[in-house]
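Line by line, the protein sequences are chains A and B.
Under our numbering, think of the first position of the first sequence as 30, with each following residue one higher.
Under our numbering, think of the first position of the second sequence as 237, with each following residue one higher.
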Amino acid sequence: EVQLVESGGGLVMPGGSLRLSCVVSGFSFSNAWMNWVRQVPGKGLEWVGRIETHVEGETTDYAAPVKGRFLISRDDSKNTLYLQMNSLQIEDTAVYYCSLGANKTNTDYWGQGTLVTVSS
Amino acid sequence: DIVMTQSPDSLPVSLGERATINCTSSQSVLHSSNNKHYLAWYQHKPGQPPRLLIYWASTREFGVPDRFRGSGSGTDFTLTISSLQAEDVAVYYCQQYYRASITFGQGTRLEIK
């Protein structure tokens with residue numbers, strides 16, 4: 030069974046930083062593209078960014094609202110995906126999901142999500 | 237970016253009746269290399285992660301009831317639930333993965349009439 034477990038969410042002040050983690054089990058993590066997707070309360074799903082496999086150079090791409098502030102990385106030895114979030118803004122308040130692309134879409138499997146609240 | 241537009245935003249349907257959700261992409265999501273449409277549908281219930289229902293526009297994910305059907309081509313796609321069950325109440329999203337920078341529709345809230 031494929032499982033993704035996020036952690037690291039919480040309350041942070043505007044301008045602050047936070048790092049989210051996502052541990053994957055039941056799938057060959059090193060062969061998977063990984064994505065972060067968020068949902069602002071009361072709004073729809075928004076893609077945050079993606080990291081490709083190590084063999085593909087761990088190429089990353091980001092949505093415009095987070096480019097230059099967020100950084101996605103991976104540690105294949107730990108089956109773990111990271112999202113480093115810097116210069117956080119109130120509008121970054123959301124549930125953040127990690128998602129794994131298997132062989133169907135880029136987001137076949139999802140974690141339960143972790144809530145990030147940016148507030149003073 | 238490819239813009240995905242769903243209609244309607246909200247859909248009240250009686251139990252046992254058909255529900256139809258539409259999705260239009262701003263450009264074709266048909267990949268010429270394999271003749272597949274890079275279009276997926278997700279079901280999202282409160283407190284749960286999104287659930288993949290349909291991929292390649294019309295392939296049902298393992299375990300998804302056959303009352304869920306995806307159809308369409310080019311830029312126009314449809315998710316049909318043939319006979320609405322109470323457990324189908326959720327927000328439904330279409331998604332394009334033709335471009336690696338995936339995009340979602342704004343969501344359609346399906347409710348019981």
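From the three backbone atoms N, C-alpha and C, an ideal C-beta is built for every residue, glycine too.
As the structure is a computational prediction, the values presented were derived from the model and not from experiment.
Under a Cβ-count criterion, where at least 16 other Cβ atoms within 10 Å of its own Cβ denotes burial, should residue i be classed as buried or exposed?
i, result
"residue 103 of chain A", "buried"
"residue 55 of chain A", "exposed"
"residue 35 of chain A", "buried"
"residue 308 of chain B", "buried"
"residue 298 of chain B", "exposed"
"residue 276 of chain B", "buried"
"residue 119 of chain A", "exposed"
"residue 319 of chain B", "exposed"
"residue 282 of chain B", "exposed"
"residue 310 of chain B", "exposed"
"residue 88 of chain A", "exposed"
Quick one: does residue i have its CB under 7 Å from some CB of chain B?
i, result
"residue 134 of chain A", "yes"
"residue 144 of chain A", "no"
"residue 141 of chain A", "yes"
"residue 126 of chain A", "yes"
"residue 73 of chain A", "yes"
"residue 137 of chain A", "yes"
"residue 65 of chain A", "no"
"residue 105 of chain A", "no"
"residue 121 of chain A", "no"
Can you give me the C-alpha to C-alpha distance between residue i and residue j, rounded to a whole angstrom?
i, j, result
"residue 341 of chain B", "residue 109 of chain A", "29 Å"
"residue 247 of chain B", "residue 271 of chain B", "32 Å"
"residue 345 of chain B", "residue 324 of chain B", "10 Å"
"residue 128 of chain A", "residue 146 of chain A", "20 Å"
"residue 60 of chain A", "residue 82 of chain A", "6 Å"
"residue 115 of chain A", "residue 144 of chain A", "16 Å"
"residue 269 of chain B", "residue 334 of chain B", "12 Å"
"residue 68 of chain A", "residue 50 of chain A", "17 Å"
"residue 329 of chain B", "residue 75 of chain A", "11 Å"
"residue 300 of chain B", "residue 292 of chain B", "15 Å"
"residue 9 of chain A", "residue 312 of chain B", "Residue 9 of chain A cannot be examined here, being either before or after the span of chain A that is shown, 30 to 149."
Compare the C-beta of residue i against all C-beta atoms of chain A and say whether one is closer than 7 Å.
i, result
"residue 289 of chain B", "no"
"residue 276 of chain B", "yes"
"residue 337 of chain B", "yes"
"residue 286 of chain B", "yes"
"residue 252 of chain B", "no"
"residue 329 of chain B", "yes"
"residue 299 of chain B", "no"
"residue 334 of chain B", "no"
"residue 343 of chain B", "yes"
For residue i, collect the residues of the same chain with a Cβ closer than 8 Å to its Cβ; drop the 5 residues on either side in sequence, then sort them by chain order.
i, result
"residue 296 of chain B", "289, 290, 302, 304, 305, 306"
"residue 245 of chain B", "342, 343, 344, 345"
"residue 238 of chain B", "261, 262, 263, 265, 332, 334, 335, 339"
Taking 6 Å as the limit between beta carbons, can you name the residues of its chain near residue i, skipping five residues before and five after?
i, result
"residue 31 of chain A", "55, 56, 138"
"residue 327 of chain B", "280, 343, 345"
"residue 42 of chain A", "149"
By DSSP's criteria, residue i is part of a beta bridge. Which residues make up the other side?
i, result
"residue 280 of chain B", "B/327"
"residue 255 of chain B", "B/317"
"residue 122 of chain A", "None, per the DSSP bridge assignment."
"residue 242 of chain B", "B/259"
"residue 80 of chain A", "A/63, A/89"
"residue 136 of chain A", "For residue 136 of chain A, which the question treats as bridged, DSSP gives no partner whatsoever."
"residue 69 of chain A", "Per DSSP, none; premise fails for residue 69 of chain A."
"residue 53 of chain A", "A/33"
"residue 111 of chain A", "A/50, A/102"
Does any C-beta atom of chain E lie closer than 7 Å to the C-beta of residue i?
i, result
"residue 340 of chain B", "Of the protein chains in the structure, A and B, none is chain E."
Heavy atom of the ligand SAH less than 6 Å from the Cβ of residue i, yes or no?
i, result
"residue 274 of chain B", "Absence of the ligand SAH is noted for the structure shown, with no ligands found whatsoever."
In its own chain, which residues sit with a C-beta less than 7 Å from the C-beta of residue i, not counting the 5 before and 5 after it?
i, result
"residue 40 of chain A", "146, 148"
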